[in-house]
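Following: one structure in structure tokens, then a few remarks.
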Amino acid sequence: MPAVSFQQVAKTYPGASSALRALDGVSFDIEAGEFFGLLGPNGAGKTTLISILAGLVRASAGRVTVHGHDVVADYAQARRSLGIVPQELVFDPFFSVRETLRIQSGYFGVRNNDAWIDELLHSLGLADKASANMRQLSGGMKRRVLVAQALVHRPPVIVLDEPTAGVDVELRQTLWQFIARLNRAGHTVLLTTHYLEEAEALCGRIAMLKQGRVVALDRTAALLAGTASTMLSFKTDDVLPASLAANARVTGRIVQLKAHDATEVEVLLAALREHRVRVEDLEIGRADLEDVFLEIMQGTSEIFA
Amino acid sequence: MSRVTLEGAGTLFRKEILRFWKVAFQTVAAPVLTAVLYLLIFGHVLEDRVEVFPGVGYTAFLIPGLVMMSVLQNAFANSSSSLIQSKITGNLVFLLVTPLSHWAWYAAYVGACIVRGLAVGTGVFLVTVWFAPLSLAQPWWSIVFVALGAAMLGSLGLIAGLWAEKFDQMAAFQNFIIMPMTFLSGVFYSVRSLPPFWYEVSHLNPFFYMIDGFRRGFFGASDVSPWLSLAVVGTSFVAVAAITLRLLASGYKLRA
């Protein structure tokens, strides 16, 4: 039985002039114990999909289950199995960190949970903030409390909706070490992030959404192998010839060109020489998830396992 | 109801009480002071001019009305302010992702409203009781009506909190519906002193029956039979509770 199953999930938001179709028949399963990445540009439908999973939004069609429990018909069991870290940095200003965690634990019917709450506070670097009011915490600290709130009832499935957006490197490291530990202990993790290097490093399998549809679904390694595996990078002040510019990714002075093998690299270098493009800091590297992501989002190709 | 569900509802109930208790100066002390000011001003002006029931002075008549008015307004304020604040700041998500049923939401929110209403009402009573001789002739009526009134206003507060998307919408609900119905319910006067038209109109206001029934407990006398008041208030409460539960179950303005 999959930990999470999305079956033909659709969501249409009614609008004043026209309806917005946020999700259009999304189907995939996440197996128990997986570290799964959900990627896509802004507006692709990631947060809508997670919100349907959490019961915050109701699907227009389709079905979602958590460990076999339907998120609508059997919502209580489904929600007990889920820990959601929301994208927005929200908090209740009336309470301290420890009160916040005790309250969240109580909502799930878990009493006398201070031992686990202490472990969460320690693991997330919040031990010295336990008595602080939520209002007194920095943004990064509030983010840690959000993670602790999601985990306080020990859910088998953890959902993180862009948990590292706008947080410093130290917190990212702390957070990922902790989440990876939970994953090794058997927790299923569903992650959405804009930091593709995080997804590449952490996720065993990835789904990519584009305009409400799944356009890629495969193991991370297979996605990387399935695209142009070599990347030619250099800096230049010159204008690229049209033949190269069409397939180049240009960021300021930095130019990246895709190649499938060494022969193609030679062809690209010959073209640069021929058009007298002066290059600096030439590098040949492997393509990363960002390249795969851009290839899929910019093109019409779809990749499925 | 399972132990887990009871614990969840109990946690929300305690959290709602803790929420207002942490700012008790604003949520309990301030309404007590307001009620005392009403008593001082109206009692001073009208004490020698009005005798509503035989042998009952105006100040004594006013005290139960002020107690009940404070209970009703604060019961409404508790659920409505909690819900609108949680919606606008976004922290309602912590409750929305829990397994709590709409019954649990309702019991916890309305239970906390009753506690706040009783806390403020007790405060008003303890401060104002020294201004006039009072006795509890038929106390059970007071207990029944204060509990039903607080529960009904707590439910109305939930409806307002669910409906309102902005603080000014909430203020409109409070100022244009709750406030007029409370003030025109006979807190400051007996409806028998009103012109015939307004006398009849007052009988359409369920708040009138709450106040009148509550006073019955003090004086053993009321404008209408306490059984009629009980029927009207009881029916109104059941209707409002049913609407509130329906809205909560459907996720009205909670789940997109």
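Residue numbers (my numbering), protein chains in the order written: chain E, 7 to 311; chain D, 6 to 261.
Beta carbons: idealized from backbone N, C-alpha and C, even for Gly.
Since we're looking at a predicted model, the values are computed, not measured.
Are residue i and residue j closer than 8 Å when you measure CB to CB?
i, j, result
"D:VAL37", "D:VAL125", "yes"
"E:ILE212", "E:LEU45", "yes"
"D:LEU88", "D:LEU167", "yes"
"E:PRO20", "E:MET303", "no"
"E:ASP76", "E:ARG69", "yes"
"D:VAL33", "D:GLY128", "yes"
"E:GLN155", "E:LEU107", "yes"
"E:ILE290", "E:VAL271", "yes"
"E:VAL78", "E:VAL163", "no"
"E:ALA191", "E:THR199", "no"
"D:SER207", "D:VAL192", "no"
"D:ALA80", "D:ALA14", "no"
"E:VAL10", "E:ILE36", "yes"
"E:LEU230", "E:ALA293", "yes"
"E:GLY258", "E:PRO161", "no"
Considering only DSSP beta bridges, list what residue i is partnered with.
i, result
"D:LEU88", "DSSP output for D:LEU88 lists no bridge partner at all."
"E:LYS216", "E:ARG219"
"E:ASN139", "E:SER102"
"E:ASP224", "E:ILE212"
"D:ILE183", "Answer is none; D:ILE183 lacks a bridge partner."
"E:THR257", "E:ILE260"
"E:HIS281", "E:HIS281 pairs with nothing; no bridge assigned."
"E:THR71", "E:SER11 and E:ASP76"
"E:VAL195", "E:PHE41 and E:ILE164"
"E:ILE90", "E:VAL165"
"D:GLU56", "D:GLY62"
What residue range is occupied by the uninterrupted alpha helix (DSSP H) comprising residue i?
i, result
"E:VAL10", "No alpha helix (DSSP H) contains E:VAL10, which is instead part of the beta strand (DSSP E) from 10–19."
"D:VAL9", "8–26"
"E:LYS148", "145–157"
"D:LEU167", "144–168"
"D:LEU235", "231–255"
"E:PHE240", "Note, E:PHE240: premise wrong, no alpha helix (DSSP H); beta strand (DSSP E) at 236–241."
"D:VAL102", "Run containing D:VAL102: none; DSSP gives neither H nor E here."
"E:VAL175", "175–190"
"E:LEU127", "120–129"
"D:VAL37", "35–51"
"D:PHE202", "201–207"
"D:TYR214", "211–224"
"E:GLN304", "295–304"
Once you ignore the five residues that flank residue i on each side, which residues in its own chain have a CB closer than 8 Å to its CB?
i, result
"D:VAL238", "PHE150, LEU153, GLY154, MET157, PRO211, TYR214, MET215 and GLY218"
"D:LEU97", "LEU88, SER91 and LEU259"
"D:MET175", "SER85, SER86, ILE89, ALA165, GLY166 and ALA169"
"E:PRO99", "ASN139, MET140 and ARG141"
Taking the straight line between their C-alpha atoms, what separation do you get for residue i and residue j?
i, j, result
"D:SER75", "D:ALA40", "7 Å"
"E:GLY297", "E:ASP267", "Residue identity differs from the one stated: residue 297 of chain E is Asp in this sequence, not Gly. Their backbone Cα atoms lie some 16 Å apart in a straight line."
"E:GLN179", "E:PRO169", "12 Å"
"D:PRO69", "D:GLN143", "13 Å"
"D:ASP173", "D:THR64", "35 Å"
"E:MET147", "E:LEU132", "7 Å"
"D:ALA109", "E:LEU157", "22 Å"
"E:PHE101", "E:ALA136", "11 Å"
"D:LEU131", "D:LEU123", "12 Å"
"D:GLU12", "D:SER106", "12 Å"
"D:MET73", "D:SER7", "35 Å"
"D:VAL134", "E:LEU177", "58 Å"
"D:THR94", "E:PHE114", "22 Å"
"D:ALA177", "E:ALA67", "37 Å"
"E:ALA38", "E:GLY61", "20 Å"
Can you tell me where the beta strand (DSSP E) with residue i in it begins and where it stops?
i, result
"E:ASP35", "26–36"
"E:LYS291", "According to the sequence displayed, residue 291 of chain E carries Gly and not Lys. Segment 286–292, the beta strand (DSSP E) holding E:GLY291."
"E:ALA265", "260–265"
"E:ILE164", "163–167"
"D:LEU131", "Here D:LEU131 belongs to no beta strand (DSSP E); instead the alpha helix (DSSP H) covers 107–133."
Check whether the Cβ of residue i lies closer than 7 Å to any heavy atom of the ligand SAM, and answer yes or no.
i, result
"E:ILE58", "Within the structure as shown, the ligand SAM is missing, as the structure has no ligands at all."
Excluding five sequence neighbours on each side, which residues of the same chain lie with their C-beta closer than 6 Å to the C-beta of residue i?
i, result
"E:VAL151", "VAL103"
"E:LEU197", "GLY43 and LEU166"
"E:ASN119", "SER111"
"E:ARG255", "GLN262"
"D:SER147", "PHE219 and GLY222"
"E:ASN189", "PHE41 and VAL195"
"D:PHE58", "PHE224 and ALA226"
"E:ASN253", "none"
"D:THR103", "none"
"E:GLY172", "none"
Take residue i and list the residues in its own chain whose beta-carbon comes closer than 7 Å to its own, dropping the five residues that flank it on each side.
i, result
"D:LEU51", "TYR63"
"E:LEU29", "VAL15, ALA16, LYS17, GLY51, THR54, LEU55 and GLY218"
"E:PRO92", "LEU152 and ASP167"
"D:LEU139", "ALA65, ILE68 and PHE223"
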